[in-house]
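Note that UniProt numbering numbers the sequence shown so that position 129 is 129, with each residue one more than the last.
Yeah, the Cβ is synthetic: ideal placement off N, Cα and C, and Gly gets one too.
Values in this document were obtained by computation on a predicted structure and should not be read as measured data.
Take a look at the structure below.
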Amino acid sequence: MGLKGKDYRKLLEPMTEELVGMARWARTTGARIVVLFEGRDTAGKGGAIRAVRDKLNPRQCRTVALSKPSEDEQTQWYFQRYIDHLPSAGEIVLFDRSWYNRAGVEKVMGYATGAQVDAFLKQAPIFEKQLTDDGILLFKYWLTTDQDRQEERLRERLEDPLKRWKLSPVDLAARDKYDAYTEAREAMLKATSTDNAPWTLVNFNDQKRGRLSLIRDLLDRLPDTHIEPPAIDFPDLHREPKSESYSVMKPIRDYPIKS
């Protein structure tokens, strides 16, 4: 039985306060944080990212979800287009899929050659060591999902008009390649989980519980991020608050709500 929404929100609230504190710490210290969210289609990457960034300043915490590479990008060093999106001091970047596309969907769906995949698996640990050696805090999460849950979520996307946009031909093509994705993931983990940039697998069969597990793990692996918010002088207004007044234009009519 999945975690109920009410219980989930109650458990998430104190962690959200910690995430806000994390962002304040990053802004104060100049820390650079990168979090990769990887997993099968329907695993719940988008929901996990929203749970992390929900109450954070969008100017400080941004999500990167790159589309397929352009013709020019296809001629570049594979990691090149990701470098522009790495954080500056005080920033938090959440990758909704990342450079690991090459070891997953590109490999399984035949978008990359075997030689390209092999080169990636050798270069990724070197690339990530350069990031962490430069002081970037790098966290790599793989969201795990059993195939029965994947089928259920794909069917939900098909039948729910609000989620239909999430269903792509690639998603459907991946249904018959569950085992191939498993093999690709295992090869990726073996080659790219290192001491300085380890992978962390999180069970997302129950997505709400998975989000809580992921956020708790992320917070626990950071240094002590407690910094008191700066004091702000908030003087009294010294008069009664005014209502808005309009002379040039008027607001549109309020939305009608039936009692």
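Judged by pairs of C-beta atoms under 8 Å, the segment 32-42 does not touch the segment 226-246, as fewer than three such pairs exist.
Here DSSP, grouped into helix, strand and coil, assigns TRP77 to coil. ALA43 and THR145 do touch by the CB rule: their CB atoms are close to 5 Å apart, below 8 Å. Membership of GLY5 in the alpha helix (DSSP H) is indicated by the continuous run 5-29.
Taking THR225 as the centre and dropping the five residues before and after it, the same chain places the C-beta of GLY21, MET22, TRP25 closer than 7 Å to its C-beta, in chain order.
Counting C-beta atoms within 10 angstroms of its own C-beta, LYS258 has fewer than 16 neighbours from the protein chains shown and is therefore classed as exposed.
Of PRO69, THR132, LYS45, GLN74, the smallest CA-CA separation from ARG97 is found for LYS45. Looking at the backbone, the Cα of SER213 and that of TYR78 are separated by about 32 Å. Between the segment 56-63 and the segment 116-135 there are fewer than three inter-stretch CB-CB distances shorter than 8 Å, so the stretches are not counted as touching. By DSSP's assignment, LYS140 forms a beta bridge with LEU36, TRP199. Assignment of ILE252 by DSSP, reduced to helix, strand and coil, places it in the coil class. For ASP96, the three-state secondary structure derived from DSSP is strand. Distance between ARG164 and ARG239, taken at the CA atoms: about 52 Å. In this chain, the beta strand (DSSP E) harbouring ARG62 covers 61-64. When the five nearest sequence neighbours on each side are left out, the beta carbons in the same chain lying within less than 6 Å of the beta carbon of MET15 are those of ILE215, in order along the chain.
Within its own chain, the residues whose Cβ lies closer than 8 Å to the Cβ of GLY210, once the five positions on either side in sequence are excluded, are GLY44, ALA48, LEU143, VAL202, ASN203, PHE204, listed in chain order.
Collapsing the DSSP output to three states places GLU244 in coil.
Beyond the five residues adjoining it in sequence on each side, LYS107 comes within less than 7 Å, by CB distance, of VAL117, ALA184 in the same chain, given in chain order. Under the 10 Å beta carbon count, GLU186 is surrounded by fewer than 16 other beta carbons and is classified as exposed. Inter-residue distance for GLU71 and GLN80 is about 14 Å (C-alpha atoms, whole angstroms). At the C-beta level, GLU91 and ALA197 stay beyond 7 Å of one another. Contact check for ARG53 and LEU94: beta-carbon distance about 6 Å, within the 8 Å limit, so the pair qualifies. When the five nearest sequence neighbours on each side are left out, no beta carbon in the same chain lies closer than 8 Å to the beta carbon of LYS190.
Take ARG27, set aside five residues on each side of it, and the residues of its chain with a beta-carbon closer than 6 Å to its own are GLY90, in chain order. Contact between THR200 and ASP217 holds, with the beta-carbon distance rounding to 6 Å and staying under 8 Å. Pairing THR194 with PRO125 gives a Cβ-Cβ distance under 7 Å. Around the beta carbon of MET249, fewer than 16 other beta carbons lie within 10 angstroms, which makes this residue exposed. If you check the CB distance, ASP206 and GLY2 come in under 7 Å.
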